[in-house]
Amino acid sequence: MWGFRCIMQFSRIIGPTEDFQVWSAISRGFSFVISNESRTGPGLHGEPGFVASWRPIDLNRPAIRVGGSPFKTFAEAENACEAMLKHLTNDRAG
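Sequential numbering from 2 applies to the sequence shown in the numbering used here.
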């Protein structure tokens, strides 16, 4: 039997500068965002790495950071978002 795999397609958000690195995806009623942050320079400032967050799309509330953020690579952040989506949708089903 094939295992369940959540697939999200992240798209880059075009920002005011080339250094603005943010990607978003929507799946199963949740919005996910991954941002590439650094301590200095242009772009978003924060702890260096790829920061992942999520929120329900039908509720107007702040995003929640995915545990383990920031990640060293985009792929790690993407995998964490998929794991969070699986967790969230399993919780809603039961």
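In this text, a Cβ means the ideal position worked out from N, Cα and C, and glycines have one as well.
Beta carbon of residue i nearer than 8 Å to that of residue j
i          : j          : result
residue 52 : residue 65 : no
residue 46 : residue 39 : yes
Contact set for residue i: own chain, Cβ-Cβ below 8 Å, skip 5 residues either direction
i          : result
residue 10 : 26
residue 12 : 24, 25 and 26
residue 73 : 50 and 51
Supposed close pair residue i, residue j - CB separation, criterion 8 Å
i          : j          : result
residue 31 : residue 71 : Wrong, their Cβ atoms sit about 20 Å apart, outside the cutoff.
For residue i: DSSP bridge partner residues
i          : result
residue 33 : 26 and 55
residue 72 : 51
residue 38 : 45 and 50
Contact set for residue i: own chain, Cβ-Cβ below 6 Å, skip 5 residues either direction
i          : result
residue 90 : 29
residue 77 : none
Spatial neighbours of residue i in its chain, beta-carbon cut-off 7 Å, leaving aside the 5 residues before and after
i          : result
residue 75 : 35 and 51
residue 49 : 38, 39, 40 and 71
residue 2  : Unreliable positioning characterises residue 2 in this predicted model, as indicated by a pLDDT of 37, which lies under 50. The coordinate reading is nonetheless provided below. If we look at residue 2 and ignore the five residues flanking it on each side, it has no Cβ neighbours.
Run of the beta strand (DSSP E) containing residue i, from where it starts to where it stops
i          : result
residue 13 : 12 to 14
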